[in-house]
Amino acid sequence: MMEGKILVVEDELSIRKLISFNLQRSNFEVVEAGEGKLALQLAKEHQPSLILLDLNLPDADGFELCEKFTEKHPGTPIIIVSARGQDMEKIMGLELGADDYIVKPFNPLELVARIRSVLRRTGKSEKEANHDVIKTGPFMIELKTQRVYKAGKLMKLTTREFQMMKFFTEKLNEPVTRDELLDEIWGLNYFGDPKTVDVHIRRLREKIEDDPSNPSFLKTVWGYGYSFFDEDTQ
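Under this note's numbering, the first residue of the sequence shown is numbered 22, with each subsequent residue one higher.
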């Protein structure tokens with residue numbers, strides 16, 4: 022049984038084939054694209070479980086493509102795989118909706134492990150099967166469709182942002198450390214930069230808060246972490 026379908030977006034044929042070979046050997050179905058336009062078309066046709074995205078493409082800016090994938094396929098996780106390893110580029114990729122960022126050259130086994138980690142965190146769980154909706158304050162979270170509404174308006178969240186929203190609303194008014202968020206959302210075997218938590222918190226606030234600089238819901242617990250506040254449950 023296949024573990025999922027991966028769209029590999031990489032313009033260098035040798036690297037694309039190496040990635041595809043290792044994914045197929047690890048029981049994944051693979052769809053390949055060497056340019057941005059084709060990648061958008063294949064994502065629409067195949068509805069992949071996850072997208073591996075290189076930033077340096079001949080016909081498209083990788084960051085713009087990441088943003089397009091996030092807008093058109095909000096439930097599909099994205100992992101950027103790039104030789105561009107500067108911190109600002111990593112932060113930009115994460116803020117545009119990527120769920121992880123891997124710098125070339127990479128260990129093929131690590132790539133597979135991180136794909137599986139992301140898929141585990143974005144997949145359905147037995148707990149989700151028993152509860153369809155979470156409601157708190159103006160928010161309604163549909164677990165089966167992975168949609169979040171605020172005052173009846175659909176919000177465009179990435180898969181990672183949805184998982185964070187779900188986790189926080191399950192722990193209303195409880196302080197949560199950054200390490201807890203990493204373990205729960207990114208997985209115990211996460212290899213990346215812990216700063217990714219702060220990047221995703223900031224991006225989530227920009228979407229759910231009326232005033233992100235003075236949040237009413239997703240608040241910082243100084244010296245500890247974060248807490249999602251709902252005064253009706255106090």
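Heads up, the beta-carbon is just placed ideally off N, CA and C, and yes, glycines get one too.
Cutting at 6 Å between CB atoms, please list the residues of its own chain near P98, excluding the five before and the five after it. Contacts found: L71, D120, V139, T143, T180.
Which whole-angstrom value describes the C-beta separation of A60 and V30, a residue pair presumed to lie in contact below a C-beta threshold of 8 Å? By a beta-carbon distance limit of 8 Å, A60 contacts V30. Their separation comes to about 4 Å.
Among all the DSSP beta bridges, which residues are the ones paired with N43? According to DSSP, N43 bridges with nothing at all.
Distance check for E182 and L21, CA to CA, integer angstroms please. Within the shown structure, residues of the chain are numbered from 22 to 255, placing residue 21 beyond reach of any answer.
Supposed contact pair P95 and K177 - C-beta distance, whole angstroms, cut 8 Å: 6 Å
Please report the distance separating the alpha-carbon of K145 from that of L164. Residue placement at K145 cannot be trusted, given a pLDDT of 33 that sits under 50; what the coordinates show is reported in the next sentence. Going from the Cα of K145 to the Cα of L164 covers about 8 Å.
Does DSSP put R168 in a helix, in a strand, or in coil? strand
In the DSSP output, which residue or residues are listed as bridge partners for K156? M161
N68 to L39 span [Cα, whole Å]: In the sequence under discussion, the amino acid at residue 68 is Gln, which differs from the Asn named in the question. The straight-line gap from Cα to Cα measures roughly 22 Å.
What do you get for W207, buried or exposed, if any count of 16 or more other CB atoms within 10 angstroms of its CB means buried? When all chains shown are included, W207 counts as buried.
Would you call R37 buried or exposed, if buried means 16 or more other Cβ atoms sit within 10 Å of its Cβ? It is buried - the Cβ of R37 has at least 16 other Cβ atoms within 10 Å.
Within this structure, are the beta carbons of N194 and S237 separated by less than 9 Å? Against a cut-off of 9 Å, the Cβ pair of S237 and N194 comes out as no contact.
Would you check if the distance between the CB atom of E50 and the CB atom of K26 is smaller than 9 Å? yes
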